[in-house]
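Engineer: Every number in this note's numbering is 988 more than the matching position in the sequence shown, counting from 1.
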Amino acid sequence: MDQSLADVLIGMPNVYHLIEFKRRASRSQKETDKRRFLERYLSVHDRRFCNISRATHLYIENDLRSGSLEVFCAPYLDFVTGLKKTTLDLIANTILDGVQVTDLRISGKECCDYLELVQQAYKGMYKASGSAGDSGGFIIVGGASTGEIQFQALPDIRQFAMTGRELQRLHQDQRRDLDQKIDTSKTRSRVNERERSQDRTISRGLSM
């Protein structure tokens, strides 16, 4: 998972924001194609979702090679031509700004409806293209009615387009794979230790 930047979904009682972070060096044609696919998908369902998208779905791009926190930000649908330079404190400001700049004309339900469409769009896109999804993963950030912000890290963005049952199956498969790797590692360690023990026994025998 990208330790510096991640895709962030911000949820508060009356607002949801989806903020996608990318490294400038990692931007590819696939990202541009995803933006174009999403815009077409939203337009087919209801043009008003394009306006909701521009208010709630942000794209933030940085260049880690520069060694600074200078980043470029734009609504996701406009990131190809509309990136503007800004400076973000990634911990203190990114999450807080995402909540504070909410367009109050957009209801929480509309935000939820938009996120559901994004999920459907991404799922359809990955299924049609056979794409494995974006590398690097993302973080879900959920806001409770108490004002607390909770974090949930996920390995990759494909999970954003999965149902609860699909996620559960994926996690079970990942756990089974991890258990198998642990068992294999233990077996290899026992074999190596046995071989080292045999070598020591042979060495002692030769030295006598």
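No residue lacks a Cβ here, since even glycine has one placed at the ideal position from N, Cα and C.
1. Could you check the C-alpha separation between residue 1169 and residue 1095 for me, to the nearest Å?
2. According to the Cβ coordinates, are residue 1008 and residue 1048 closer than 9 Å?
3. Measuring alpha carbon to alpha carbon, tell me which residue in 1072, 1043, 1062, 1050 is nearest residue 1103.
4. Just to check my reading of the structure: residue 1050 and residue 1011 have Cβ atoms closer than 8 Å, yes? What is that Cβ distance to the nearest angstrom?
5. At a cut-off of 8 Å, would you count residue 1037 as near the ligand ZN, judging by its Cβ distance to the nearest heavy atom?
6. Keeping to the same chain, check which residues put their C-beta closer than 8 Å to that of residue 1063; ignore five residues upstream and five downstream.
7. Return the bridge partner residues of residue 1050 from the DSSP annotation.
8. Please classify residue 1032: is it buried, with 16 or more other beta-carbons within 10 angstroms of its beta-carbon, or exposed?
9. So what does residue 1097 bridge to, in DSSP terms?
10. What residue does the alpha helix (DSSP H) around residue 1029 start on, and which one ends it?
11. Quick one: measure Cβ to Cβ for residue 1006 and residue 1105, integer angstroms, because I've assumed they're closer than 8 Å.
12. Using DSSP's beta-bridge definition, name the partner residues of residue 1073.
13. Using alpha carbons as the reference points, say which of 1171, 1173, 1067, 1036 lies closest to residue 1099.
Structural biologist: In this structure, then:
1. 47 Å
2. yes
3. 1043
4. 7 Å
5. Ligands in the displayed structure: none, and consequently the ligand ZN is not present.
6. 1041, 1042, 1043, 1045, 1046, 1047, 1070
7. 1011, 1059
8. exposed
9. Residue 1097 is not bridged to any residue.
10. 1017 to 1033
11. That belief does not hold up - the Cβ atoms of residue 1006 and residue 1105 are roughly 11 Å apart, past 8 Å.
12. 1060
13. 1036
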